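Enquirer: When we follow my numbering, the leftmost residue of the sequence shown carries the number 9, and every step to the right adds one. For every residue, glycine included, the Cβ atom is placed at its ideal position computed from N, Cα and C. Since the structure is predicted, the reported quantities are computational estimates derived from the model, not experimental observations. My questions all concern the structure below.
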Amino acid sequence: MSTASYAARDSMTMLRRNLKHALRYPSLTLMVAAMPVMMLLLFNYAFGNALGDGISTMPTGGDEYIDYVAPGILLMAATSGALSAAISVCTDKTEGIVNRFRTMSISRSSFLTGHVVGSVIQTLVGLALVVGVALLVGFRPDATPVEWLAAAGLLTLLALALTWLSVAMGLVAKSVETASNMPMPLTFLPFLGSAIVPTDSMPTGLRYFAEYQPFTPMIETLRGLLVGTEIGDSAVISLAWCAGLTLAGYLWSRKAFARATRR
């Protein structure tokens, strides 16, 4: 068996370990999945009328705020899913699991790969839950199957990028509490974009930040794919951001993991 085959086998073993752990201790997974669902219900039912009145034209041409906010909440669900990776990795590090694996004859990259793939799978499950709830409360996308696949692909790439960043945060954090707080800015950054209201309704300084931060083009791409608004160059910019964040998170994780296993 080649070195690559051993690495793939060890990564699958680590993936099964992380998925079994998520099933046996589902509280973290449920918390991460429940947060975007609660936001969806909150903004749709509590603030939907007030915020919807300030938006001149809904994406579908109707008057339902849910059609505007649902793509933004889907992106928030992808950012929320990254939290579990930071906490899981830091827990393994502080409990000595990383040092235990270091003494075993396994591929070192399998530890990171298992956590990343496991976290992305959990995030996709959470996204499916949010889509289901959104449809139940009135979200009516007009996307074709190809557009649904493109939206799912973009969310998967975003989840992969944010998970690599969160894994690195989990490795450098001194405690689980710190690891749970470090990815929080990623969760709230969509609020400073076009997730809840259009960027042209914001003050000048905030609007400039909102238009050029990474999540706004992703939200606009999802909105365009699902409800038919103009996408423009947002799709290209989104893919570039995903590629850049993935590369940065991967390199940071590799460096942090090498440092952690030398101690």
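Looking at the secondary structure, which residues open and close the alpha helix (DSSP H) in which Arg148 lies?
Expert: Taking the sequence shown and counting its residues from 1, the one referred to as residue 148 is at position 140. Note, Arg148: premise wrong, no alpha helix (DSSP H); not H, not E.
Enquirer: Which same chain residues end up closer than 6 Å to Leu36 when comparing Cβ atoms and leaving out the 5 residues on each side of it in sequence?
Expert: Working through the sequence shown from its first residue, we reach residue 36 at position 28. The beta carbon of Leu36 lies closer than 6 Å to those of Ser92 in the same chain, with the five residues before and after it left out.
Enquirer: Determine the direct distance from the alpha carbon of Pro44 to that of Pro79, and round the result to whole angstroms.
Expert: In the sequence shown, the residue the question calls residue 79 occupies position 71. In the sequence shown, the residue the question calls residue 44 occupies position 36. In a straight line, the C-alpha of Pro79 is about 11 Å away from that of Pro44.
Enquirer: Is the region 253-262 touching the region 100-113, taking contact as three or more C-beta pairs under 8 Å?
Expert: no
Enquirer: Would the region 233-242 count as touching the region 137-156 if we require 3 or more Cβ pairs under 8 Å?
Expert: yes
Enquirer: DSSP on Phe55, reduced to helix/strand/coil?
Expert: The residue you call residue 55 lines up with position 47 of the sequence shown. Phe55 falls in the coil class under three-state DSSP.
Enquirer: According to the neighbour-count rule (16 or more other Cβ atoms, all chains shown, within 10 Å of its Cβ), is Val154 buried or exposed?
Expert: Walking along the sequence shown from the start, residue 154 turns up at place 146. With fewer than 16 other Cβ atoms within 10 Å, it is exposed.
Enquirer: Please tell me whether Ala218 and Leu200 are closer than 8 Å, where the distance is taken between their beta carbons.
Expert: To locate residue 218, count along the sequence shown from 1; it is residue 210. To locate residue 200, count along the sequence shown from 1; it is residue 192. Yes, the pair counts as a contact, with Cβ atoms nearer than the cut-off.
Enquirer: When the distance is taken between beta carbons, is Pro198 closer than 8 Å to Leu83?
Expert: Counting from one through the sequence shown, the residue named residue 83 turns up at place 75. Counting from one through the sequence shown, the residue named residue 198 turns up at place 190. For Leu83 and Pro198, yes; Cβs fall inside 8 Å.
Enquirer: For the candidate residues Gln130, Leu166, Ala268, whose alpha-carbon lies nearest to that of Leu230?
Expert: Working through the sequence shown from its first residue, we reach residue 230 at position 222. It is Leu166 whose Cα lies nearest to the Cα of Leu230.
Enquirer: Please return the same chain residues whose Cβ sits closer than 8 Å to the Cβ of Val184, not counting the five positions on each side in sequence.
Expert: On the sequence shown, residue 184 is found 176 positions in, with the first residue counted as 1. The answer, listed in chain order, is Ile95, Cys98, Thr99, Thr102.
Enquirer: Taking DSSP as the reference, what is the three-state secondary structure of Tyr220?
Expert: Taking the sequence shown and counting its residues from 1, the one referred to as residue 220 is at position 212. In this structure, Tyr220 counts as helix in the three-state DSSP scheme.
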